[in-house]
DNA sequence: TTTTGAGTTGTTCGA
DNA sequence: GTCGAACAACTCAAA
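In my numbering, the protein residues as written are 870 to 1359.
Printed below as a string of structure tokens:
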């Protein structure tokens, strides 16, 4: 009778996905229990219908995260195997070659990814391979939060109250004494990630400002968290809307790729809590509710049709969106003639990141002032944001457009001038990204078209040449948007 | 069971 | 200049 190695000594595969860290990683913790050797794996899966893989800036972040995770594993005597192919084929070959007795992953929540995971989970036990999936990206699994009627929440307030009552698990420590099983070179060759899709762009090198701004990976994420707790959290409730200074956490890309876990973050906030209504605790509550919106977006991703394709509210299918290639291009390039919009769009292109308020302003401008389908904007963000998230990105675009869950009221049309004056009063943010306006005094920097010829001359600006005139008139665009949104009713 | 009231992120208008 | 109202429709839970 042939003997096989006992399940305890057969290696376990850890399939990393949106959890690129060692700490608080339940799949990894499970795999290395009892000193079992592990095989750490990441798979670049091909695009499928309905599936959204990282592109552009987010792909750049992914590569950096994979590299730092690989380095951390090498310090411990192992490595991260980064392969490419259909997950089922890659895993099939890997199980065959390594004789692994178990496969573990932390869950993902998009429909296409879940479908793949479900098939794998159903097929492997018959081959004597144990499969386990774990919760690691969210405070609570989406199916555990439901209204009294049993339906998923469609309004944030009640959703958040229900979530707040739930017990949040404590984060796990990083595993100690990891041991590793080898992987045959033949497998690595067969599923090699195609060259030419390398992480760091060269010609053109669009990642210059990103490299200057960001450190990717787990250690950098924890440093970013400590910095936020020490520097910004106390003033967060009052200052978080300011565009002209660093007031927010900038943790979004680390959360997106799981460099830092949501439970680590939650616990860190709790340990900074006093007990009362002090400004610090107000900041903590406010920040927590932002994390709550992330959970709410994931609830939508889990429960609704693919968010980046379908309006959550079907009556928006009748929206008379305009086709406007010229307007869309002006928006993407930061050439709309509205300084707050243009500064934000250029920051996005250069650094892969935008302040939440800036995201709302530019999204409102595209959907309402230009009356361009929110999906165009969502696609651009998907390619340009380092934190491009399959739940947050489309759900937030739908929220601004009004087609989403608990959406902004249709009559809320951001005035780009007012927003600039409120949240960038001295024009510092605008001037950082629009150097051509740097000599314009603060009162005019958000509305250069109202400057007198002498003022423009003094600031060395020629509207229409050195900086565009507004591509739409605010009042007219607002009226057009309100009419379009009103047309969806009755 | 039915009713009622409250609800992330804004703007404009008229008193 | 400041202030309140209007700009809908709907979800959810408390009364």
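Just so you know, even glycine gets a beta-carbon here, dropped at the ideal spot from N, CA and C.
Item, Value
"Assuming the contact rule is C-beta atoms closer than 8 Å, residue 898 and residue 1041 should be a hit. Round their C-beta distance to whole Å, please.", "5 Å"
"If you draw a straight line from the C-alpha of residue 1109 to the C-alpha of residue 969, how long is it?", "48 Å"
"Evaluate residue 965 with the Cβ neighbour count: other Cβ atoms within 10 Å of its Cβ, from every protein chain shown; 16 or more gives buried, anything less gives exposed.", "exposed"
"Return the residue from the list 992, 1249, 1166 that minimises the CA-CA distance to residue 1221.", "1249"
"Note the first and the last residue of the continuous alpha helix (DSSP H) segment covering residue 1227.", "1225 to 1233"
"If you compare alpha carbons, which of 1269, 1180, 1299, 1163 is closest to residue 1212?", "1299"
"Just list the residues that DSSP pairs residue 1296 with in beta bridges.", "In the DSSP output, where bridge partners are listed per residue, residue 1296 has none listed."
"Given a cut-off of 8 Å on the beta-carbon distance, is the pair residue 1251 and residue 1257 in contact?", "yes"
"Do the stretch 1319 to 1337 and the stretch 1223 to 1238 make contact, defined as three or more Cβ pairs closer than 8 Å?", "no"
"Just checking residue 926 against the ligand SAH - is the residue's beta carbon closer than 7 Å to any of the ligand's heavy atoms?", "Inclusion of the ligand SAH in the displayed structure is not the case, the ligand content being empty and no account of it being possible."
"Can you give me the C-alpha to C-alpha distance between residue 1237 and residue 1356, rounded to a whole angstrom?", "14 Å"
"Using CA coordinates, which residue listed in 1174, 1076, 1021 is at the minimum distance from residue 918?", "1174"
"I need the straight-line Cα distance from residue 1010 to residue 1078, nearest angstrom please.", "36 Å"
"Cβ of residue 1328 within 8 Å of Cβ of residue 1308?", "yes"
"Exposed or buried, residue 893, counting other C-beta atoms within 10 Å across all chains shown (16 or more means buried)?", "buried"
"Grab me the residues of residue 1039's own chain with a C-beta within less than 8 Å of its C-beta, minus the 5 sequence neighbours each way, in chain order.", "1132, 1136"
"Taking buried to mean at least 16 other C-beta atoms within 10 Å of its own C-beta, is residue 1073 buried or exposed?", "exposed"
"So, with DSSP's three-state summary, where would you put residue 999?", "strand"
"Starting from residue 1093, trace the alpha helix (DSSP H) both ways and give me its first and last residue.", "1087 to 1100"
"Excluding the 5 residues flanking residue 1052 on each side, which residues of the same chain have their C-beta closer than 8 Å to its C-beta?", "908, 950, 963, 966, 967"
"Verify whether the separation of the beta carbon atoms of residue 985 and residue 1196 is less than 8 Å.", "no"
"Are the CB atoms of residue 1093 and residue 1134 nearer to each other than 8 Å?", "no"
"If you draw a straight line from the alpha carbon of residue 1034 to that of residue 1022, how long is it in whole angstroms?", "15 Å"
"Could you give the residue range of the beta strand (DSSP E) that holds residue 882?", "881 to 885"
"Comparing alpha-carbon positions, which option in 1183, 1314, 1097 lies nearest residue 1288?", "1314"
"Under the three-state reduction of DSSP, which class applies to residue 1177: helix, strand or coil?", "coil"
"When you compare each of 896, 1304, 977 to residue 1335 by their alpha carbons, which one comes out closest?", "1304"
"With a threshold of 6 Å on Cβ separation, who are the neighbours of residue 971 within its own chain once the five nearest residues in sequence on each side are excluded?", "881, 999"
"Could you say which of 1166, 1198, 1129 lies nearest to residue 1181 if we only look at CA atoms?", "1166"
"On the three-state DSSP scale, how would you describe residue 1128?", "coil"
"Exposed or buried, residue 913, counting other C-beta atoms within 10 Å across all chains shown (16 or more means buried)?", "buried"
"So for residue 975, helix, strand or coil by DSSP?", "strand"
"Could you tell me which of 886, 944, 988 sits nearest to residue 922, measuring between CA atoms?", "886"
"Just tell me which of 982, 1159, 1029, 989 has its CA closest to the CA of residue 1170.", "982"
"What first and last residue would you give for the alpha helix (DSSP H) that runs through residue 913?", "Unbroken run through residue 913 is the beta strand (DSSP E), 907 to 913; no alpha helix (DSSP H)."
"Of all the options 1123, 1152, 942, 1105, which has the alpha carbon lying nearest to the alpha carbon of residue 1049?", "942"
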